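2 protein chains.
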Amino acid sequence: MVRVVVVGGGAAGASAAARARRLDPSAEVLLIERGSMITHAPCGMPYAIGGIVKSHEELMTYTPEEFEKERNIKVMINTEVVDVDADKKVVVVKKGGSEEKIPWDKLVIATGAKPLVPRIPGVELKGILTMRHPDEVPHLKGHIDKAKTVAIVGGGYIGVEMAEVLLELGKRFLLFEMFDQVLPAALDPDVAGIVAEEMKTRGVELHLGEKVVEFRGVEHVNKVVTEKGEYQVDEVILAVGVRPDVDLAVRAGAKLGETGAVYVNEYMETTVPDVYAAGDVAEKVHRVTGRRVWIPLAPTANKEGQVAGGNAVRNRILKFPGVVGTAVTKFYNLYIARTGLSEKDAAQLGFKTQSALIKARTKAHYMPGAETVHVKLIAEESTGRILGGQIVGKSPVVASYADILAVAVQSGYTVSDLFFSDIGYMPDTAPVWHPLIVAARVLSRGKL
Amino acid sequence: MVRVVVVGGGAAGASAAARARRLDPSAEVLLIERGSMITHAPCGMPYAIGGIVKSHEELMTYTPEEFEKERNIKVMINTEVVDVDADKKVVVVKKGGSEEKIPWDKLVIATGAKPLVPRIPGVELKGILTMRHPDEVPHLKGHIDKAKTVAIVGGGYIGVEMAEVLLELGKRFLLFEMFDQVLPAALDPDVAGIVAEEMKTRGVELHLGEKVVEFRGVEHVNKVVTEKGEYQVDEVILAVGVRPDVDLAVRAGAKLGETGAVYVNEYMETTVPDVYAAGDVAEKVHRVTGRRVWIPLAPTANKEGQVAGGNAVRNRILKFPGVVGTAVTKFYNLYIARTGLSEKDAAQLGFKTQSALIKARTKAHYMPGAETVHVKLIAEESTGRILGGQIVGKSPVVASYADILAVAVQSGYTVSDLFFSDIGYMPDTAPVWHPLIVAARVLSRGKL
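Just so you know, the sequences run in chain order A and B. Each residue of the first sequence is one higher than the one before, counting from 1 in UniProt numbering. Each residue of the second sequence is one higher than the one before, counting from 1 in UniProt numbering.
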């Protein structure tokens, strides 16, 4: 009987544990989670803080008890794995005051990511909040509720989503982003400009191109200092990025990749025998470039967990083919989605690109209720291969447009392949020339 | 200077004319249309009859004058092409009482489709209405407005869409479909059952598996006779299917394919030199089976027109790769979309299939406003290749799900390829396990 120990109860870990159990009913499967929840959804945290989701406990899919009972998986919560010995095949866990050694035959490390905390003066002050685990929601809510003025530091996904939450809570806040655009890791400046316009229209005090260099205060933060000015605040949401939580993997002797995340092959094997890594802690292969990247997202974590868990009990039966970086966010009813490489990423990687940014409608011109969508499509100049796309518009359908494009991108489509794709039409769901098809045509520069 | 004559001002014809003009500014391009409108959208007719679209003239993208002026294309409306001589390269056109011979170097036949009128007794009676061209909207509206009881004969796309319109107009009506399900050409019975349930719930008198065998009346229809009964009605909407309008192509000497539509190669060339066909009049290649099919839909017509028009002036510069049969319709807020082969189609073609029909939500479980979607996925048993899918749900996002699947199907994806696709996620736009990914997993029968 094989014993599988999975460290981390989030998307990747829970998925790995469930998969191992499913494929090997005789295996002993143990899921160890530092917090109080498993199968939790950190992506839902802004909505729990904002109150759209009534309790952070709704962000769980299964309670630990349900998971134990329904899946026959032993679950340990509030339990930290403090050490690992990959030769002796044991982990050392700490729960409350006591430590225990737990043996394993296969170890899946799914320790996820943690907020990046920049080393700037005052960053250790109270009232500087990071967001990582749904567990923290009551704490965050408490701080935000009593604040008059908040600073959001970072204009990425969390920054944009929290901006909506704070506006809805009626808070005054300032959003600082060191780059000249919002969502710098996701979007090109032209598309990001559309998002920024909407944010300003809704009343966000956007400070783009303004790097925070210091926090000040006595015990509790009361001032944000940037290169350009000083701002009085009561609380700070620090959301400048995340880092893979590789401590345990390093202790296990696993090699880290060039991105700083755990190096894994397509079987989600680390460089240490019988040790797998999955989810935000692990490096991924980008299907457009073949390069190793670190794009920590929940759907990837789920699938990688599935692969790691499956392979832990049935050696190398599943392969993870990599990602194209499809991601979605929203600001109120403005949906923002992207896939593949941005134009600036592509340029940095040495691609010579062509792009088109078009404006189209979500329905036939004569149908009521259409929304405007902006579609940016990026292709390699020499081959016409689509490298990526970005879509923004006041319809959730934007997310699916990115998904259509994601499948095209991961399939190596050229602009022509996309143009001739058999995308559906009815007056109420799309124009007869679908926005993606129009973007392909425009990008073809007269060839289509 | 080449002279391109395009017959038919709908999607394919207008697209062909525009493309020829764009690629050859010196060409003489003439677009001949039997009706009074060009660039018209027959798919919008139900909404113009129902009043959501105020006037049928809104169903045009360009007026003939605009098209002439902006595109520098000569447009003749209310002009019928009554004959063609492919040796002498002339068409004979009739406008009002007079006939005229017009020479051409390249001819594009885009005469579209016409309603199928079954040879059953009484079918020639007044009050038996077919729907083909937006021109007819005032006429149809007039008839329907004064009717107390209407029969819709045919439960296809037009039947389903007109059912919504008639309900909204407060008409009593009966819908007859000879097959045991609605949308028999589009859906499998299990998925069609979900649509039928919704139609019944909304008050549609659905007569499935009930073939109409006779219409009765003195001059004007007043009775529909089926195999099962007789029904008093004032008007009949006859929507049992369409046929390619091949008369002109046949006169030109073009070969028809096995489907009865005009045989064309990937350049949209007919078997007659310098004669192209595009749109509903032409046969298509199905990208899943490689077989010739006749699936007349507007987005295909647009692209085929583009290819035909381009090739007419720049020999063989574009190829049309075929279709996978992606189509969308709706009944109120129930959206219905499909792509690829249905399970019954696949069986008929000799495929051994596996399928999964799952129920999922459009958002994360904790987000408000999620809708239920039903996803059916069909794969070839031996290879796992996805043959098609059908999606039904009360969200327009359903149409995009079919588009995602369409790209996967036309790319030859297996169930595993779909499962590992990098489809995006955020709580408000999808569950972390996207409905399509869940369907793939279920269809994998435990392999994923």
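The beta carbon of each residue, even a glycine, is placed where N, CA and C say it ideally should be. None of these values were measured; they are calculated from a predicted model.
query                                                                                                                                                  : result
My output table needs one value for B/I32: the three-state DSSP class, helix, strand or coil.                                                          : strand
What runs of the alpha helix (DSSP H), each 4 residues or longer, lie entirely inside the stretch 69 to 152 of chain B?                                : 137 to 146
Determine, using beta carbons only, whether B/Q306 and B/L297 come nearer to each other than 8 Å.                                                      : no
Among B/Q348, B/T79, B/P427, B/M45, which residue has its Cα nearest to the Cα of A/V53?                                                               : B/P427
Quick check on the burial criterion: 16 or more other C-beta atoms within 10 angstroms. Buried or exposed for B/R338?                                  : buried
Residue range of the alpha helix (DSSP H) that B/V307 falls in?                                                                                        : 298 to 313
With 16 other CB atoms within 10 Å as the buried threshold, where does B/H286 fall?                                                                    : buried
Starting from the Cα of A/K447, find the closest Cα among B/G217, B/R314, B/N265 and give me that residue.                                             : B/R314
Do we get a CB-CB distance below 8 Å when we pair A/T61 with the residues of chain B?                                                                  : yes
Counting only C-beta atoms, is A/D280 closer than 8 Å to chain B at any point?                                                                         : no
Let me make sure I understand the geometry here. Which of A/A346, A/P42, A/E198, A/A379 has the alpha-carbon closest to that of A/A356?                : A/A379
Return yes when the Cβ of A/Y335 is within less than 8 Å of the Cβ of B/T429, no when it is not.                                                       : yes
Would you verify that the beta carbon of B/K303 is, or is not, closer than 8 Å to some beta carbon of chain A?                                         : yes
Rounded to whole angstroms, how far is the Cβ of B/G154 from the Cβ of B/V221, which I believe are closer than 8 Å?                                    : Actually they do not touch by this definition, with Cβ atoms about 15 Å apart.
For chain B, is any of its Cβ atoms less than 8 Å away from the one on A/I423?                                                                         : yes
Once DSSP output is grouped into helix, strand and coil, what is the label at A/V213?                                                                  : strand
If contact means a Cβ-Cβ distance below 9 Å, which residues of the stretch 383 to 402 of chain B contact chain A?                                      : S395, P396, V397, V398, A399, S400, Y401, A402
Our contact map puts B/V137 next to B/I49 with C-beta atoms below 8 Å; I'd like the distance itself, whole angstroms only.                             : 6 Å
Spell out whether any CB of chain A is found under 8 Å from the CB atom of B/I320.                                                                     : Correcting the residue identity first, residue 320 of chain B is Phe in this sequence and not Ile. Answer yes: the Cβ-Cβ gap between B/F320 and chain A drops below 8 Å somewhere.
Rounding to the nearest angstrom, what Cα-Cα distance links B/P273 and B/A252 in this structure?                                                       : 10 Å
Just the Cα atoms here: how many angstroms apart are B/A408 and A/A408?                                                                                : 8 Å
Since B/Q410 meets chain A, which of its residues come closer than 8 Å, beta carbon to beta carbon?                                                    : S421, D422
I need the boundaries of the beta strand (DSSP E) containing A/P244, first residue and last residue.                                                   : 242 to 244
Quick one: which chain B residues come within Cβ less than 8 Å of A/V323?                                                                              : D422
Keeping to the same chain, check which residues put their C-beta closer than 6 Å to that of B/L30; ignore five residues upstream and five downstream.  : V5, K74
According to a CB-to-CB cut-off of less than 9 Å, which residues of the stretch 362 to 384 of chain B neighbour chain A?                               : T362, K363, A364, H365, Y366, M367, P368
What are the start and end residues of the beta strand (DSSP E) that includes A/V5?                                                                    : 3 to 7
Can the beta-carbon of A/L418 be found closer than 8 Å to that of A/V375?                                                                              : no
Which runs of the alpha helix (DSSP H) fall wholly inside the stretch 172 to 258 of chain A and span at least 4 residues, in chain order?              : 189 to 201, 247 to 251
Which residue comes first and which comes last in the beta strand (DSSP E) that contains A/G388?                                                       : 386 to 393
CB B/V373 to CB A/N302, shorter than 8 Å?                                                                                                              : no
Nearest CA to the CA of B/A11: which residue from B/G388, B/A364, B/E269, B/P299?                                                                      : B/P299
For the beta strand (DSSP E) that contains B/F419, what are its first and last residues?                                                               : Element bounds for B/F419: not the beta strand (DSSP E) but the alpha helix (DSSP H), 415 to 419.
Mapping the DSSP letters down to three states, classify A/E266 as helix, strand or coil.                                                               : coil
Mind reading off the beta-carbon distance from B/G35 to B/H133? Whole number of angstroms is fine, and I expect it under 8 Å.                          : 5 Å
Between the stretch 26 to 60 of chain B and chain A, which residues of the former have CB atoms less than 7 Å from a CB of the latter, in chain order? : A41, C43, G44, Y47, I52, V53, E58, L59
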